[in-house]
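Novice: Have a look at this one before I ask anything.
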Amino acid sequence: MSPPPLQLSANPRKTAGVRNLGPVDIEALRAAVLAIPEAVWRAEDQAKPNRFGVLDDTRHIVFRFVDNPLDWRGSHDRPAWPQWRPLLAPVLDAAVRPYGYGRGSFPGSCWPACGLAA
């Protein structure tokens, strides 16, 4: 039996609505995330560049990060990105495919898929 569908709701501080983009296959990514050893989570969390109080209760592996928080267009790959890119890129591409972007880009400020949180 599959879980009930998620109920999407907008974050009132960020957007007025939510657009259902359809299903995205995350099984390979999910399996890889579940296999991450505890020691890797600890090390990556200690090295995360985004140290904000609101993120203290989550652990992160940040794959890409903005060079300047005031300009999201410049970003850099972090050490884990080359290993995880083959798993993350198809999920990111599938998630935005309904928008029809000609040149989709996922800079370091992209949504949590670019920084796994546990």
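Each residue of the sequence shown is one higher than the last, beginning at 15 in our numbering.
Glycine included, each C-beta is placed from N, C-alpha and C at the ideal position.
All of these numbers come straight from a predicted model, not from anything done at the bench.
1) Find out if the Cβ-Cβ distance for the pair Arg-92, Arg-73 is shorter than 9 Å.
2) Decide if Pro-112 is buried, meaning its Cβ has at least 16 other Cβ atoms within 10 Å, or exposed.
3) Counting only runs that start and end within the segment 20-61, where is the alpha helix (DSSP H) found for 4 or more residues in a row?
4) Please identify the residue among Gln-60, Phe-79 and Val-80 whose C-alpha is closest to the C-alpha of Asp-71.
5) For the segment 27-34 against the segment 82-92, are there 3 or more C-beta pairs whose distance is under 8 Å?
6) Can you have a look at Leu-43 and say buried or exposed, based on whether 16 or more other CB atoms are within 10 angstroms of its CB?
7) Please identify the residue among Ile-75, Asp-81 and Ala-46 whose C-alpha is closest to the C-alpha of Glu-58.
8) In angstroms, rounded to a whole number, what distance separates the CA positions of Pro-51 and Ala-45?
9) Using the C-alpha atoms, what's the distance from Leu-106 back to Arg-99?
10) Using only the alpha-carbon positions, how far apart do Ala-108 and Phe-120 sit?
11) Applying the 10 Å Cβ sphere with the 16-neighbour rule, what's the burial state of Arg-117?
Specialist: Here's the rundown:
1) no
2) By the 16-neighbour rule on beta-carbons within 10 angstroms, Pro-112 is exposed.
3) 41-48 and 52-60
4) Gln-60
5) no
6) Burial of Leu-43 is indicated by the presence of at least 16 other C-beta atoms within 10 angstroms of its C-beta.
7) Minimum Cα-Cα distance from Glu-58 among the listed residues Ile-75, Asp-81 and Ala-46 corresponds to Ile-75.
8) So the alpha carbons of these two residues sit roughly 12 Å apart.
9) 10 Å
10) 13 Å
11) exposed
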